[in-house]
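J.: Questions regarding the structure given below will be posed in turn.
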Amino acid sequence: MSRHGATGLRSVRLNIGEMSAIVPESLSFCFEIIVQGTPLEGAKLLMDRVALKGYCPHCEETFDIKDFVFVCPACGGTAIETIQGQELSIVEMEVE
Amino acid sequence: MKVSVVRNILEANERIAEQNKALFRQHHLLVINLMSSPGAGKTSLLEKTIDALNKDLRIGVIEGDIQSTSDAERIARKGVPAVQINTGGACHLDGNMIRETFPEFDFSRLDLLVVENVGNLVCPAEFKVGEDFKAMILSVAEGDDKPSKYPLMFHESKVLLINKIDLLPYVDCSVEKIMKDSLNINPELAIFQVSCKTGEGLGEWYRWLQERVKEKSQAFKNESQG
Chain A
79 MSRHGATGLR SVRLNIGEMS AIVPESLSFC FEIIVQGTPL EGAKLLMDRV
129 ALKGYCPHCE ETFDIKDFVF VCPACGGTAI ETIQGQELSI VEMEVE
Chain B
5 MKVSVVRNIL EANERIAEQN KALFRQHHLL VINLMSSPGA GKTSLLEKTI
55 DALNKDLRIG VIEGDIQSTS DAERIARKGV PAVQINTGGA CHLDGNMIRE
105 TFPEFDFSRL DLLVVENVGN LVCPAEFKVG EDFKAMILSV AEGDDKPSKY
155 PLMFHESKVL LINKIDLLPY VDCSVEKIMK DSLNINPELA IFQVSCKTGE
205 GLGEWYRWLQ ERVKEKSQAF KNESQG
């Protein structure tokens, strides 16, 4: 933070995919403990759930994957690429 | 002031996993990350597989457990190189733990390396270690609701072995349901029904695995000719 001239961290925003092994409540709980007594104390951890979406290369359909069924609703294709819903990423930080 | 970042939190692990993968490629080595619940039969499957394929393939094993060296000892008794990782509490293996075992192996003398992950149906699916693919075992005693409860693991695997089918008369478990639900999550999943106790169904698994090893070395030959 000091290298970038920031004095404090207000918040960190994460993207958490629907199909990731991440439990937001547990992550929040750990975050609060881990920042205690550090320059990050008081920072908020904001988390957005990212819905699971697939793309079918066969018919070029993009669709929501419901109940983890990886089959194209338009053509029945099964070579589905997951385009979102597995992330665990930092997307934004608010510093002061 | 808001700062846009967009970084994958598992990036550090993925970088090491890619380096591991590059090293395995240099040695034309097929690497499998084997995952399941505790007690589903990972080590038993490896013992059977080593017995069956040891004449044709040079196999090495990395054993991951929270504690104890009993699995690596079981594998070493089969006469193949085996290294035990004790995670000391961690519920999965990661790229760095695998990298630390490298001095123990001579990869130029191996065709197949199996990484037996810590028994757990959740976290191992999130961490790459440098494998060509993930394989998983589900034993029928665990119940047929597992694919719908742990979809990520079934989605990330290339092959599923449904083990302990000799117990089917004694447990309430529908293999059809396991297959239907797993194929919904992962339509490309290869599935074998096996019993490591009676040996039933293992022949097909051995043939499939040998094909994958052949495919890997063939891909390498094509590349070096091309």
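Line order of the protein sequences matches chains A and B. Note that my numbering has the first sequence beginning at 79, numbered continuously upward. Note that my numbering has the second sequence beginning at 5, numbered continuously upward. Just so it is clear, CB atoms sit at the ideal spot from N, CA and C, and this is done for glycine as well.
#1: Look at the alpha carbon of A/Thr61 and the alpha carbon of B/Phe106, and state the distance between them as a whole number of angstroms.
#2: Give me the Cβ distance between B/Asp136 and B/Lys220, rounded to the nearest whole Å; I'm assuming they're in contact under 8 Å.
#3: Any contact between the segment 84-98 of chain A and the segment 129-141 of chain A? By contact I mean 3 or more CB pairs, one from each, below 8 Å.
#4: Spell out whether any CB of chain A is found under 8 Å from the CB atom of B/Glu121.
#5: For A/Lys198, I'd like the list of residues in its chain whose CB is within less than 8 Å of its CB, leaving aside the five on either flank, ordered along the chain.
#6: I'd like to confirm the pairing. Which residues does DSSP put opposite B/Ala86 in its beta bridges?
#7: In three-state DSSP terms, what is A/Leu124?
#8: Look up B/Val179 in the DSSP assignment and say whether it is helix, strand or coil.
#9: Look at the Cβ atom of B/Glu130, then the Cβ atom of A/Ala99, and state whether they are nearer than 8 Å.
#10: Check whether chain B comes within 8 Å of A/Phe146, counting only Cβ atoms and requiring the distance to be less than that.
#11: Using a Cβ-Cβ cut-off of 6 Å (strictly less than) and excluding sequence neighbours within five positions of B/Gln88, which residues of its own chain qualify?
#12: Below 8 Å on the Cβ atoms is my guess for B/Lys6 versus A/Glu170; work out the distance and round it to an integer in Å.
#13: According to DSSP, which residues form a beta bridge with B/Phe111?
#14: Among A/Thr156, A/Ile168, A/Glu174, A/Ser167, which has the Cα closest to the Cα of B/Ile189?
#15: Which of the residues in the segment 177-203 of chain B, read from start to end, lie with their CB under 9 Å from any CB of chain A?
#16: With distances taken from CA atoms, which of B/Gly43, B/Lys181, B/Glu22 is nearest B/Leu125?
#17: Whose CA, out of A/Glu103, A/Glu139, A/Gly154, lies closest to the CA of A/Leu124?
#18: When we look at the beta-carbon of B/Glu15 and count the other beta-carbons within 10 Å, is it buried (16 or more) or exposed?
#19: Going by C-alpha distance, which of A/Pro151, A/Leu118, A/Leu105, A/Ser167 is nearest A/Pro135?
#20: Just the C-alpha distance for B/Ser40 and A/Ile111, rounded to the nearest angstrom, thanks.
T.: To lay it out plainly:
#1: Residue 61 of chain A is absent from the model: chain A starts at 79 and stops at 174.
#2: Along the second sequence, one-based indexing puts residue 136 of chain B at 132. Along the second sequence, one-based indexing puts residue 220 of chain B at 216. At roughly 7 Å, the Cβ-Cβ gap stays under 8 Å, so B/Asp136 and B/Lys220 are in contact.
#3: Between the segment 84-98 of chain A and the segment 129-141 of chain A, the count of C-beta pairs closer than 8 Å reaches three or more; the two stretches touch.
#4: The residue given as residue 121 of chain B occupies position 117 in the second sequence. The question names Glu, yet the displayed sequence has Asn at residue 121 of chain B. By the rule that beta-carbons nearer than 8 Å mark a contact, B/Asn121 does not touch chain A.
#5: This structure does not reach residue 198 of chain A, given that chain A is present from 79 up to 174, and the question cannot be answered.
#6: Start at 1 with the first residue of the second sequence, and residue 86 of chain B comes out as number 82. Partner(s): B/Val65.
#7: Stepping through the first sequence from its first residue, residue 124 of chain A is reached at position 46. Three-state DSSP puts A/Leu124 in a strand.
#8: As a working note, residue 179 of chain B is residue 175 in the second sequence. Helix.
#9: In the second sequence, residue 130 of chain B corresponds to position 126, counting from 1. In the first sequence, residue 99 of chain A corresponds to position 21, counting from 1. Result yes, Cβ atoms of B/Glu130 and A/Ala99 sit closer than 8 Å.
#10: Looking up residue 146 of chain A in the first sequence gives position 68. Yes, contact with chain B.
#11: Within the second sequence, numbered from 1, the residue matching residue 88 of chain B stands at position 84. Once the five neighbours on either side are set aside, the close Cβ partners of B/Gln88 are Glu67, Thr73, Ala76.
#12: What you label residue 6 of chain B is simply residue 2 of the second sequence in a count that begins at 1. What you label residue 170 of chain A is simply residue 92 of the first sequence in a count that begins at 1. That pair is a contact at about 6 Å.
#13: Within the second sequence, the letter at position 107 stands for residue 111 of chain B. Answer is none; B/Phe111 lacks a bridge partner.
#14: Walking along the second sequence from the start, residue 189 of chain B turns up at place 185. With distances taken between Cα atoms, B/Ile189 lies closest to A/Thr156.
#15: Asp185, Leu187, Asn188, Ile189, Asn190, Pro191, Glu192
#16: Sequence index remark: in the second sequence, residue 125 of chain B carries index 121 (1-based). Ranked by Cα distance from B/Leu125, the first of B/Gly43, B/Lys181, B/Glu22 is B/Gly43.
#17: On the first sequence, residue 124 of chain A is found 46 positions in, with the first residue counted as 1. Minimum Cα distance to A/Leu124 is reached at A/Glu103.
#18: Within the second sequence, numbered from 1, the residue matching residue 15 of chain B stands at position 11. Of the residues assessed, B/Glu15 falls on the exposed side of the cut-off, its CB having fewer than 16 other CB atoms within 10 angstroms.
#19: For this step, residue 135 of chain A is matched to residue 57 along the first sequence. That would be A/Pro151, whose Cα lies nearest to the Cα of A/Pro135.
#20: Counting from one through the second sequence, the residue named residue 40 of chain B turns up at place 36. Counting from one through the first sequence, the residue named residue 111 of chain A turns up at place 33. B/Ser40 and A/Ile111: Cα-Cα distance of roughly 31 Å.
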